[in-house]
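In what follows, a single structure is set out as structure tokens and then discussed.
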Amino acid sequence: MSNVYRVDGAPAGGATTVSFGERFQSSEQFDHIFKEGMALVERTASYLDGPGRKEAKDLVGGVGVLYATESMRLTTRLLDLASWLLIRRALREGEITDEEAQKKRRRVKLQAFGRPSHVKGYTELPQGLQNLIEESFQLHDRISQLDRVLAKPSAAETPQAAVNPVAQQVGLLERAFSVKFS
Numbered sequence: 001m002s003n004v005y006r007v008d009g010a011p012a013g014g015a016t017t018v019s020f021g022e023r024f025q026s027s028e029q030f031d032h033i034f035k036e037g038m039a040l041v042e043r044t045a046s047y048l049d050g051p052g053r054k055e056a057k058d059l060v061g062g063v064g065v066l067y068a069t070e071s072m073r074l075t076t077r078l079l080d081l082a083s084w085l086l087i088r089r090a091l092r093e094g095e096i097t098d099e100e101a102q103k104k105r106r107r108v109k110l111q112a113f114g115r116p117s118h119v120k121g122y123t124e125l126p127q128g129l130q131n132l133i134e135e136s137f138q139l140h141d142r143i144s145q146l147d148r149v150l151a152k153p154s155a156a157e158t159p160q161a162a163v164n165p166v167a168q169q170v171g172l173l174e175r176a177f178s179v180k181f182s
């Protein structure tokens with residue numbers, strides 16, 4: 001069953017199809033995720049430069065090192081997410097071509113570092129930092145999922161040959177026994 005539909009909602013049959021990526025980039029959902037991502041970047045910067053800096057000075061021993069490590073990971077994750085969002089917006093606005101967007105996208109690393117909640121001392125970190133880390137992972141999960149969907153070519157772009165599973169099995173048997181069954 002194909003998931004390609006004409007603009008009017010009927011199943012595709014040589015009609016004009018709509019790319020999920022193109023549709024998503026010009027949607028309110030993209031605008032919402034973009035604003036949410038940029039707001040999280042701003043809140044994180046404000047926290048780390050203000051209350052977070054003060055709270056970090058009060059941490060002792062390994063918790064201070066953990067704070068530094070997790071704040072760097074948080075910043076790196078948010079920079080990658082912001083880069084992805086900015087590339088998608090630039091593509092939507094026509095500032096870059098699809099080829100340029102793909103080239104830039106390959107440089108963005110959406111790999112998540114391990115979730116730190118199981119690390120010894122994590123619960124001793126300031127609650128503000130813990131909240132920002134959790135929010136960043138939630139945004140990361142959503143953007144990673146979108147990235148996977150957008151990276152897959154649509155059925156309209158990649159026509160597939162019909163696969164006959166019985167013929168495949170017969171072919172395997174013919175090769176295994178060096179015999180022709182037809």
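With the first letter of the sequence shown counted as 1, position 76 gets the number 76 in full-length UniProt numbering; the numbers rise by one all the way through. From the three backbone atoms N, C-alpha and C, an ideal C-beta is built for every residue, glycine too.
For a test of the three-state rule: what should DSSP assign to Leu-110, helix, strand or coil? Position 110 of the sequence shown, counted from the first residue, corresponds to residue 110. Reduced to three states, the DSSP call for Leu-110 is coil.
Does the distance from the CB of Thr-44 to the CB of Leu-110 come in under 9 Å? Indexing the sequence shown from 1 puts residue 44 at position 44. Indexing the sequence shown from 1 puts residue 110 at position 110. No, the Cβ-Cβ distance between Thr-44 and Leu-110 is not below 9 Å.
For the alpha helix (DSSP H) holding Met-164, just list the boundary residues, first then last. As a position in the sequence shown, residue 164 is number 164, starting the count at 1. Position check: residue 164 holds Asn in this sequence, whereas Met was assumed. Looking at the DSSP string, Asn-164 is not in any alpha helix (DSSP H), and its letter there is neither H nor E.
Whole-number beta carbon distance between Glu-135 and Lys-63, since they are thought to touch under 8 Å: For the purposes of this step, residue 63 is taken as the residue at position 63 of the sequence shown. For the purposes of this step, residue 135 is taken as the residue at position 135 of the sequence shown. Reading the sequence as shown, one finds Val at residue 63 and not Lys. Between Glu-135 and Val-63 the Cβ distance is about 21 Å, and since that is not below 8 Å, they are no contact.
Touching by the beta-carbon criterion (3+ pairs, under 8 Å), the stretch 159 to 179 and the stretch 136 to 143: Segment contact: the stretch 159 to 179 against the stretch 136 to 143, fewer than three CB-CB distances shorter than 8 Å; contact not assigned.
Distance check for Val-149 and Ser-2, CA to CA, integer angstroms please. Mapped onto the sequence shown, residue 2 falls at position 2. Mapped onto the sequence shown, residue 149 falls at position 149. Summary for Ser-2: the model assigns pLDDT 42, below 50, so the residue's position carries little reliability, and this model does not support an answer.
Whose C-alpha, out of Pro-116, Trp-84, Gln-29 and Leu-139, is nearest the C-alpha of Gln-102? In the sequence shown, the residue the question calls residue 102 occupies position 102. Minimum Cα distance to Gln-102 is reached at Trp-84.
Run through DSSP, which three-state label would Met-1 get? Residue mapping note: residue 1 aligns to position 1 of the sequence shown, counting from 1. Low confidence applies here, because Met-1 scores a pLDDT of 41, under 50, leaving its location unreliable; read the following figure in that light. When DSSP states are grouped into helix, strand and coil, Met-1 belongs to the coil group.
Which value, in whole angstroms, describes the spacing of the CA atoms of Arg-89 and Phe-177? The residue you call residue 89 lines up with position 89 of the sequence shown. The residue you call residue 177 lines up with position 177 of the sequence shown. Distance between the alpha carbons of Arg-89 and Phe-177 is about 56 Å.
Using DSSP with H/G/I as helix, E/B as strand and the rest coil, what is Val-41? Within the sequence shown, residue 41 is the residue found at index 41, counting from 1. If DSSP states are grouped into helix, strand and coil, Val-41 belongs with the helices.
In this structure, does DSSP put Gly-64 in helix, strand or coil? As a working mapping, residue 64 is identified with position 64 in the sequence shown. Gly-64 falls in the helix class under three-state DSSP.
Through-space distance from Asp-80 to Gly-121, alpha-carbon basis: Indexing the sequence shown from 1 puts residue 121 at position 121. Indexing the sequence shown from 1 puts residue 80 at position 80. So the alpha carbons of these two residues sit roughly 26 Å apart.
Given a cut-off of 9 Å on the beta-carbon distance, is the pair Pro-116 and Glu-55 in contact? On the sequence shown, position 116 is the one that residue 116 refers to. On the sequence shown, position 55 is the one that residue 55 refers to. The Cβ-Cβ distance between Pro-116 and Glu-55 does not fall below 9 Å.
Would a C-beta distance cut-off of 9 Å place Arg-105 and Asp-58 closer than the cut-off? On the sequence shown, position 105 is the one that residue 105 refers to. On the sequence shown, position 58 is the one that residue 58 refers to. No, these two residues do not count as a Cβ contact at 9 Å.
Rounded separation between Glu-70 and Gly-171 - CA only: Counting from 1 along the sequence shown, the entry for residue 70 is found at position 70. Counting from 1 along the sequence shown, the entry for residue 171 is found at position 171. If I take the Cα positions, the gap works out to 54 Å.
For Leu-139, I'd like the list of residues in its chain whose CB is within less than 7 Å of its CB, leaving aside the five on either flank, ordered along the chain. Here residue 139 is taken as the residue at index 139 of the sequence shown, counted from 1. The answer, listed in chain order, is Glu-36, Gly-37, Leu-40 and Leu-81.
Does the Cβ of Arg-107 have 16 or more other Cβ atoms within 10 Å, making it buried, or fewer, making it exposed? The residue given as residue 107 occupies position 107 in the sequence shown. Around the beta carbon of Arg-107, fewer than 16 other beta carbons lie within 10 angstroms, which makes this residue exposed.
Can you tell me the Cα-Cα spacing of Gly-114 and Phe-34, whole angstroms? Reading the sequence shown from its first residue, position 114 is the one you call residue 114. Reading the sequence shown from its first residue, position 34 is the one you call residue 34. Between Gly-114 and Phe-34, the C-alpha separation is close to 24 Å.
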